[in-house]
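In our numbering, the protein residues as written are 302 to 469.
Note sheet for the following structure.
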């Protein structure tokens with residue numbers, strides 16, 4: 302590989318990482334227009350193992366916008382990212398796969414707090430999470446004229462805990 306190809310590969314990796322991070326931020330912030338912009342025109346998402354739906358990114362964004370109202374406080378972390386760029390004989394292609402683990406602590410709205418953002422955690426902070434899940438994402442990405450975009454994402458939920466504790 303030439304130095305130019307090496308630099309291109311590094312830039313692809315950084316760009317793909319920004320898409321994956323943007324995905325987490327969009328979901329956590331409820332930025333559903335941003336979420337949809339991360340996908341190709343025919344992009345799809347599959348949340349069935351987490352009790353959700355599978356379909357076009359726009360339909361899934363609509364479902365998420367309704368479902369996430371139950372969790373006004375959320376902060377999911379995407380870690381242990383394994384990125385495989387398409388290899389065209391020593392040159393990067395236009396496709397990539399990312400396998401990444403996630404931990405997703407959230408706070409359910411309760412009747413006791415009147416629907417406020419998670420209740421009181423003291424000093425104006427929301428209370429601690431009372432729902433945590435974890436698993437693995439499988440992202441399929443495609444290089445487009447607008448940069449890297451998600452062509453598909455599948456959630457593989459491995460565990461969940463209603464009490465909010467990470468262990469137990």
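Where a beta carbon is used, it is the ideal one built from N, C-alpha and C, also for glycine.
Self-check item: residue 346, DSSP secondary structure in three states
Solution: For this step, residue 346 is matched to residue 45 along the chain shown. DSSP places residue 346 in strand when its eight states are reduced to three.
Exercise. Assign residue 436 to one of three DSSP states: helix, strand, or coil.
Key: Numbered from its first residue, the chain shown carries residue 436 at position 135. Strand, per DSSP.
Quiz item: Mapping DSSP to helix, strand and coil, what is residue 451?
Solution: Here the question's residue 451 lines up with position 150 in the chain shown. Residue state, collapsed to three classes: strand.
Self-check item: Run of the alpha helix (DSSP H) containing residue 362, from where it starts to where it stops
Solution: In the chain shown, residue 362 corresponds to position 61, counting from 1. It spans 358-368 - the alpha helix (DSSP H) in which residue 362 sits, taken as one unbroken run.
Quiz prompt | Three-way DSSP call (helix, strand, coil) for residue 378 in this model | solution = Within the chain shown, the letter at position 77 stands for residue 378. Residue state, collapsed to three classes: strand.
Practice problem: Assign residue 416 to one of three DSSP states: helix, strand, or coil. | Solution: On the chain shown, residue 416 is found 115 positions in, with the first residue counted as 1. Since pLDDT at residue 416 reaches only 44, below the 50 mark, its modelled position is unreliable, and the value read off the structure follows with that caveat. It is coil, neither helix nor strand.
Exercise. With DSSP as the reference, label residue 469 as helix, strand or coil.
Key: As a position in the chain shown, residue 469 is number 168, starting the count at 1. Because residue 469 carries a pLDDT of 47, less than 50, the predicted location of this residue cannot be relied on, and no value is offered for it.
Quiz item: Measuring from the CB of residue 456, is there a heavy atom of the ligand MG at a distance below 8 Å?
Solution: Because no ligand of any kind appears in the structure shown, any question about the ligand MG cannot be addressed here.
Practice problem: Compare the Cα-Cα distances from residue 364 to each of 452, 353, 309, 429 and report the closest residue. | Solution: As a working mapping, residue 364 is identified with position 63 in the chain shown. Out of 452, 353, 309, 429, 353 has the C-alpha closest to the C-alpha of residue 364.
Quiz item: Under the three-state reduction of DSSP, which class applies to residue 402: helix, strand or coil?
Solution: The residue given as residue 402 occupies position 101 in the chain shown. Of the three classes helix, strand and coil, the one that applies to residue 402 here is strand, per DSSP.
Quiz item: Apart from the five residues on each side of it in sequence, which residues of its chain come closer than 8 Å, Cβ to Cβ, to residue 329?
Solution: Residue 329 sits at position 28 when you count from the first residue of the chain shown. Contacts found: 375, 376, 377.
Quiz prompt | Between the CA atoms of residue 327 and residue 435 - distance to the nearest angstrom | solution = On the chain shown, position 134 is the one that residue 435 refers to. On the chain shown, position 26 is the one that residue 327 refers to. Between residue 435 and residue 327, the C-alpha separation is close to 18 Å.
Quiz item: Where does residue 463 sit, in a helix, a strand or coil, going by DSSP?
Solution: Taking the chain shown and counting its residues from 1, the one referred to as residue 463 is at position 162. Coil at residue 463, not helix or strand.
Quiz item: Taking the alpha-carbon positions, what's the residue 334 to residue 459 distance?
Solution: In the chain shown, the residue the question calls residue 334 occupies position 33. In the chain shown, the residue the question calls residue 459 occupies position 158. Their Cα atoms are separated by approximately 28 Å.
Self-check item: For residue 475, the nearest candidate out of 462, 464, 454 (CA to CA)
Solution: A question about residue 475 goes unanswered here, because the residues of the chain that appear run from 302 up to 469.
Quiz item: In whole angstroms, what separates the C-alpha of residue 370 from that of residue 361?
Solution: Indexing the chain shown from 1 puts residue 370 at position 69. Indexing the chain shown from 1 puts residue 361 at position 60. Looking at the two C-alpha atoms, the distance is approximately 14 Å.
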